[in-house]
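What follows is a short report on a single structure.
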Amino acid sequence: MALTDPNEARKLIRALKAQPEKFLFGLNRAVYNAVLALVTPIAKDGPMGKEWAQAHTLVSDVPGTGKTAMFNYLASAMKAKLGRVDGRPDLMPSDFTGREEKDKFSGVRTLLKGPLFSNIFFADEVNRTPPKSQAPMLGAMEGGHVYINITNEKDGVIESKSFPLFPVPDDPTRMFFITFATMNPIEFEGTYPLSEAQLERFTYRFVMGAPSREEEKMIRFENVVGKKVEIVMGLGDLLDIQEMAKKIRLTDEANDLIMRYLQNSRTHAQDEREFGKTQKRDASKDLVTFVNQYVTSGCSRRRNYHMQGAVLGHRLMRLLLSDDKPIENLDNVKATVDDVKAIAPLTMEHVILLEPRSLGDDVTTKKVVRRIIEETPMPS
Numbered sequence: 000m001a002l003t004d005p006n007e008a009r010k011l012i013r014a015l016k017a018q019p020e021k022f023l024f025g026l027n028r029a030v031y032n033a034v035l036a037l038v039t040p041i042a043k044d045g046p047m048g049k050e051w052a053q054a055h056t057l058v059s060d061v062p063g064t065g066k067t068a069m070f071n072y073l074a075s076a077m078k079a080k081l082g083r084v085d086g087r088p089d090l091m092p093s094d095f096t097g098r099e100e101k102d103k104f105s106g107v108r109t110l111l112k113g114p115l116f117s118n119i120f121f122a123d124e125v126n127r128t129p130p131k132s133q134a135p136m137l138g139a140m141e142g143g144h145v146y147i148n149i150t151n152e153k154d155g156v157i158e159s160k161s162f163p164l165f166p167v168p169d170d171p172t173r174m175f176f177i178t179f180a181t182m183n184p185i186e187f188e189g190t191y192p193l194s195e196a197q198l199e200r201f202t203y204r205f206v207m208g209a210p211s212r213e214e215e216k217m218i219r220f221e222n223v224v225g226k227k228v229e230i231v232m233g234l235g236d237l238l239d240i241q242e243m244a245k246k247i248r249l250t251d252e253a254n255d256l257i258m259r260y261l262q263n264s265r266t267h268a269q270d271e272r273e274f275g276k277t278q279k280r281d282a283s284k285d286l287v288t289f290v291n292q293y294v295t296s297g298c299s300r301r302r303n304y305h306m307q308g309a310v311l312g313h314r315l316m317r318l319l320l321s322d323d324k325p326i327e328n329l330d331n332v333k334a335t336v337d338d339v340k341a342i343a344p345l346t347m348e349h350v351i352l353l354e355p356r357s358l359g360d361d362v363t364t365k366k367v368v369r370r371i372i373e374e375t376p377m378p379s
């Protein structure tokens, strides 16, 4: 039976968020961001048009910050099938997809499905993997399918077969597939920079952060050994909660602010290439000059879908976690400019590309997005 009561959804989301927090001290913001990604609905390209999908997420931080544990605990709490690949320079595409193997004696062919056949796919240290080997993962993120070359039993011809990703355990007619990828800072040895096309697949990027001194003192055996992750919900429930997010509407001001942020991330050079002339911007002159000086490429048009989904997800999370006031219905719930401002860093920083001069001037995408937020006037 479908979950339609937002008050029940509130209980489930709070219980889900509490599971990794039993073990990860001082990382509540990172856990919040991961749960936000799980409830965020995104529109993706399907064979016949746009379809609903999940918000793939990139986590950037050094090893040993709790990334792996967080995703393991969340998957366990939802009875989700978890697939994992550890980034290495020698990985092959088949390490993601799986492969067909033939028994030498019986001649029987067996399809060994790889870790992409999962509800939650965890790609650890993805930037240690050569871009060519990541192709199956990127295709799965965009299309929700994985392709494997298998032998046709009738004529022996090898053909590419598509498998949808991935049936929900409590309702195999529904699909849920999300990628959580982690990356080390690019200055780490043995890492490859992710391309613009790769980064564009991710709705969110965030860092795990660090606990305070007092919180770090909690990282002791006696505070974690013996505790267990509880199964608090199923993926069917999570898909129903995503349906609640889809019911939320943007205010006109929020809709306009998304457009302003995206446009203000782009340069006049991009305008000239795309329109043959520069476009009007709702921004301070200083911001326009700053972006033209340091940005190579701003946010793409596709980022509209990512930002809208993120705004809806954030508004729902704010509603479910803010207080215990009963929620009568979602018909009158609106996402506002505050939601847009809150999610802009998570959805914009990783897809803005900078000029080489930015390195010498200590300009980062974080600083660019912060200035866009601060120097873009609010719609009236």
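The sequence shown begins at 0 in numbering that gives the first Met the number 0 and counts up one residue at a time.
Even for Gly, the Cβ is constructed at its ideal location relative to N, Cα and C.
#1: Should M347 and T335 be called a contact, given that it needs their Cβ atoms to be closer than 9 Å?
#2: Hey, out of K245, I372 and L234, whose CA is closest to Y260's CA?
#3: Compare the C-alpha of L256 against each of A343, M136 and K366 and name the closest.
#4: Taking E199 as part of the alpha helix (DSSP H), name the residues at either end of that continuous run.
#5: Which residues in the same chain as P168 place their Cβ atom closer than 6 Å to its Cβ, once the five residues preceding and following it in sequence are excluded?
#6: Using a Cβ-Cβ cut-off of 6 Å (strictly less than) and excluding sequence neighbours within five positions of V61, which residues of its own chain qualify?
#7: For my contact list, G297 and I351 are in at a C-beta cut-off of 8 Å; report their separation, rounded to the angstrom.
#8: Taking the DSSP output, what are the residues bridged to E158?
#9: Among T3, P19, E242 and M306, which has the Cα closest to the Cα of V231?
#10: DSSP three-state label for K276, please.
#11: Grab the span of the beta strand (DSSP E) containing V294 for me, first residue to last.
#12: Is D85 helix, strand or coil by DSSP?
#13: Name the DSSP beta bridge partners of M174, please?
#14: May I ask you to list the residues that DSSP assigns as paired with L11?
#15: What did DSSP end up calling L110 once you bin it into helix, strand or coil?
#16: In three-state terms, what does DSSP make of D270?
#17: May I have the straight-line CA-CA distance separating A74 from R272, to the nearest angstrom?
#18: Closest to H349 by CA distance: which of F289, P192 and F22 is it?
#19: Using the C-alpha atoms, what's the distance from K284 back to F175?
#20: Taking buried to mean at least 16 other C-beta atoms within 10 Å of its own C-beta, is A1 buried or exposed?
#21: Do three or more CB pairs link the region 13-33 to the region 243-255 at distances below 8 Å?
#22: Looking at the secondary structure, which residues open and close the beta strand (DSSP E) in which G48 lies?
#23: In three-state DSSP terms, what is I41?
#24: Find the nearest neighbour of A196 within the set M140, Q53 and S161, judged by alpha-carbon distance.
#25: Where do the ends of the alpha helix (DSSP H) carrying T3 lie?
#26: What span of residues does the alpha helix (DSSP H) with E242 cover, start to end?
#27: In its own chain, which residues sit with a C-beta less than 6 Å from the C-beta of A180, not counting the 5 before and 5 after it?
#28: Looking at the unbroken beta strand (DSSP E) that takes in I351, where does it start and where does it end?
#29: Using only CA atoms, which one of T295, P325 and V310 lies nearest to R356?
#30: Terminal residues of the continuous beta strand (DSSP E) containing L57?
#31: Going by beta-carbon coordinates alone, are R200 and T178 separated by less than 9 Å?
#32: Taking K366 as part of the alpha helix (DSSP H), name the residues at either end of that continuous run.
#33: Can you tell me whether T96 is helix, strand or coil according to DSSP?
#34: For the alpha helix (DSSP H) that contains E255, what are its first and last residues?
#35: Mapping DSSP to helix, strand and coil, what is T181?
By the coordinates alone:
#1: Along the sequence shown, one-based indexing puts residue 347 at 348. Along the sequence shown, one-based indexing puts residue 335 at 336. Going by beta carbons, M347 and T335 fall outside the 9 Å limit.
#2: One-based indexing of the sequence shown puts residue 260 at position 261. Comparing Cα-Cα distances from Y260 to each of K245, I372 and L234, the minimum goes to I372.
#3: Taking the sequence shown and counting its residues from 1, one reaches residue 256 at position 257. Each of A343, M136 and K366 was checked against the Cα of L256, and the nearest Cα belongs to A343.
#4: Numbered from 1 along the sequence shown, position 200 holds the residue referred to as residue 199. First-last of the alpha helix (DSSP H) with E199: E195 to E199.
#5: The residue given as residue 168 occupies position 169 in the sequence shown. Result list for P168: K78, in chain order.
#6: Here residue 61 corresponds to residue number 62 of the sequence shown, with the count starting at 1. Same-chain partners within the cutoff: there are none.
#7: As a position in the sequence shown, residue 297 is number 298, starting the count at 1. As a position in the sequence shown, residue 351 is number 352, starting the count at 1. Beta-carbon to beta-carbon, G297 and I351 are separated by about 6 Å, close enough to satisfy the 8 Å threshold.
#8: Position 159 of the sequence shown, counted from the start, is the residue given in the question as residue 158. For E158, which the question treats as bridged, DSSP gives the partners I149.
#9: Position 232 of the sequence shown, counted from the first residue, corresponds to residue 231. Per the Cα distances, P19.
#10: Position 277 of the sequence shown, counting from 1, holds the residue named residue 276. Of the three classes helix, strand and coil, the one that applies to K276 here is coil, per DSSP.
#11: Residue 294 sits at position 295 when you count from the first residue of the sequence shown. Start and end: V294 to S296.
#12: Against the sequence shown, residue 85 aligns to sequence position 86. In the structure shown, D85 sits in a strand (DSSP, three-state: E or B).
#13: Position 175 of the sequence shown holds residue 174. Answer is P166, bridged to M174.
#14: Locating residue 11 in the sequence shown gives position 12, where the first residue counts as 1. Its beta-bridge partners do not exist; DSSP assigns none.
#15: Translated into positions along the sequence shown, residue 110 becomes position 111. It is a strand residue.
#16: Position 271 of the sequence shown, counting from 1, holds the residue named residue 270. In the three-state DSSP reduction, D270 falls in the helix class (H, G or I).
#17: Working through the sequence shown from its first residue, we reach residue 74 at position 75. Working through the sequence shown from its first residue, we reach residue 272 at position 273. Their backbone Cα atoms lie some 44 Å apart in a straight line.
#18: Taking the sequence shown and counting its residues from 1, the one referred to as residue 349 is at position 350. Of the candidates F289, P192 and F22, the one whose C-alpha sits nearest the C-alpha of H349 is P192.
#19: Within the sequence shown, numbered from 1, the residue matching residue 175 stands at position 176. Within the sequence shown, numbered from 1, the residue matching residue 284 stands at position 285. Using only the alpha carbons, I get a separation of about 44 Å.
#20: Start at 1 with the first residue of the sequence shown, and residue 1 comes out as number 2. Classification for A1: exposed.
#21: The region 13-33 vs the region 243-255: no contact.
#22: To locate residue 48, count along the sequence shown from 1; it is residue 49. Start and end: G48 to Q53.
#23: On the sequence shown, position 42 is the one that residue 41 refers to. DSSP places I41 in strand when its eight states are reduced to three.
#24: In the sequence shown, the residue the question calls residue 196 occupies position 197. The shortest C-alpha separation from A196 is found at M140.
#25: Along the sequence shown, read from residue 1 onward, the residue named residue 3 stands at position 4. It is not in any alpha helix (DSSP H) - T3 carries neither H nor E in the DSSP assignment.
#26: Within the sequence shown, the letter at position 243 stands for residue 242. L234 to K246 is the extent of the alpha helix (DSSP H) around E242.
#27: If you number the sequence shown from 1, residue 180 lands on position 181. If we look at A180 and ignore the five residues flanking it on each side, its Cβ neighbours are L57, A122 and V125.
#28: As a first step, residue 351 must be located in the sequence shown, where it is residue number 352. For I351, no beta strand (DSSP E) segment is defined, and its DSSP state is neither H nor E.
#29: Here residue 356 refers to the residue found at position 357 of the sequence shown. The shortest CA-to-CA distance from R356 to any of T295, P325 and V310 is the one to T295.
#30: The sequence position of residue 57 within the sequence shown is 58, counting from 1. T56 to S59 is the span of the beta strand (DSSP E), which, as asked, contains L57.
#31: On the sequence shown, residue 200 is found 201 positions in, with the first residue counted as 1. On the sequence shown, residue 178 is found 179 positions in, with the first residue counted as 1. Cβ atoms of R200 and T178: closer than 9 Å.
#32: Here residue 366 refers to the residue found at position 367 of the sequence shown. Residues T364 to E374.
#33: For the purposes of this step, residue 96 is taken as the residue at position 97 of the sequence shown. Of the three classes helix, strand and coil, the one that applies to T96 here is helix, per DSSP.
#34: Sequence index remark: in the sequence shown, residue 255 carries index 256 (1-based). First, the residue type needs correcting, since residue 255 is Asp and not Glu in the sequence shown. In this chain, the alpha helix (DSSP H) harbouring D255 covers D251 to N263.
#35: Working through the sequence shown from its first residue, we reach residue 181 at position 182. Three-state DSSP puts T181 in a strand.
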